[in-house]
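Below: the structure, in structure tokens.
Pasting the structure below:
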């Protein structure tokens, strides 16, 4: 993000792309203003949380008026660096990795998987949805000079840490980890762990042990504060 977010809670930061997606849809439909209640109903986050999230960034709206859609769109685009292309590298072209390559953030023009790496010789040297697949042995060489700072990791857990060490040495700054492995990285590296099995178990637990009155959860799985 462009601005200083040191005082913004991580839960708030994770909700910002959710808000931005909805604001883009509003803009495309020609709507000029929106209330926190309308935002709440759309993104499934309570309006008090939305107002608190927005308050970290100053006066984004006016009482009795709501929020100007054009202004919000411009604000979130700048805050989330939407005017700059984020290049991504994918490690592991199995079923999940292949799905990522076919998708390649087609609805998000500022994010693009530039290249992928794999050890399966049948896939090395091919292209999947115009993304070249290289051998993992060539990782450092291929990343050199490509200005790629983000990696998606979809490899076996047993090889995740070794590959992570190589990514760190290649100046990767952020890793989206889809393996069960808990990665050890330097303090300046950001890792987001997405363990689908754990998320499913968590969902089942909440279904069995919590009612709607106990906690509010947005559709993307972020528990509101």
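Numbering (this note's numbering), first residue to last: 147 to 371. A virtual CB, placed ideally from N, CA and C, is assigned to each residue, including glycine.
Requested in this report: Using three-state DSSP, classify residue 263 as helix, strand or coil.
Outcome: As a working note, residue 263 is residue 117 in the chain shown. It is a strand residue.
Requested in this report: For residue 165, count neighbouring Cβ atoms within 10 angstroms of its own Cβ and tell me buried if that reaches 16, exposed if not.
Outcome: Translated into the one-based positions of the chain shown, residue 165 becomes position 19. It is buried - the Cβ of residue 165 has at least 16 other Cβ atoms within 10 Å.
Requested in this report: Starting from residue 320, follow the beta strand (DSSP E) in both directions and report where the run begins and ends.
Outcome: In the chain shown, the residue the question calls residue 320 occupies position 174. Residue 320 -> beta strand (DSSP E) spans 320-323.
Query - Nearest-angstrom beta carbon gap, residue 327 and residue 303 [assumed within contact, 8 Å] - result: What you label residue 303 is simply residue 157 of the chain shown in a count that begins at 1. What you label residue 327 is simply residue 181 of the chain shown in a count that begins at 1. Yes, residue 303 and residue 327 are in contact; Cβ-Cβ is about 4 Å, under 8 Å.
Query raised in the report: Is residue 307 helix, strand or coil when you go by DSSP?
Result: Along the chain shown, read from residue 1 onward, the residue named residue 307 stands at position 161. Correct three-state label for residue 307: helix.
Requested in this report: Tell me whether residue 187 is buried or exposed, calling it buried when 16 or more other Cβ atoms sit within 10 Å of its Cβ.
Outcome: The sequence position of residue 187 within the chain shown is 41, counting from 1. By the neighbour-count rule (16 or more Cβ atoms within 10 Å), residue 187 is not buried but exposed.
Query raised in the report: For residue 230, is the classification buried or exposed, using 16 other Cβ atoms within 10 angstroms of its Cβ as the cut-off for buried?
Result: By one-based count along the chain shown, residue 230 stands at place 84. When all chains shown are included, residue 230 counts as exposed.
Report task. Quick one: which unbroken alpha helix (DSSP H) runs of 4-plus residues sit fully inside the stretch 154-217? Chain order, please. Result -> 156-175, 182-189, 193-201
Query - Neighbour-count burial assignment, residue 183, 16 or more Cβ in a 10 Å radius - result: Counting from 1 along the chain shown, the entry for residue 183 is found at position 37. Classification of residue 183: exposed, given that the 10 Å Cβ count is below 16.
Query raised in the report: Which residue or residues does DSSP assign as beta-bridge partners of residue 296?
Result: Taking the chain shown and counting its residues from 1, the one referred to as residue 296 is at position 150. BP columns for residue 296 point to 234, 320.
Requested in this report: Let me know if residue 228 comes out buried or exposed under the rule of 16 or more other beta-carbons within 10 Å of its beta-carbon.
Outcome: By one-based count along the chain shown, residue 228 stands at place 82. Residue 228 is buried by the Cβ-count criterion.
Requested in this report: Give the straight-line distance between the Cα atoms of residue 242 and residue 275, rounded to the nearest whole angstrom.
Outcome: By one-based count along the chain shown, residue 242 stands at place 96. By one-based count along the chain shown, residue 275 stands at place 129. If I take the Cα positions, the gap works out to 14 Å.
Query raised in the report: Where does residue 279 sit, in a helix, a strand or coil, going by DSSP?
Result: Here residue 279 corresponds to residue number 133 of the chain shown, with the count starting at 1. The answer is strand: DSSP assigns residue 279 an E or B state.
Requested in this report: Along the alpha helix (DSSP H) that carries residue 334, what are the first and last residues, could you check?
Outcome: In the chain shown, the residue the question calls residue 334 occupies position 188. From DSSP, residue 334 is part of no alpha helix (DSSP H); its letter is neither H nor E.
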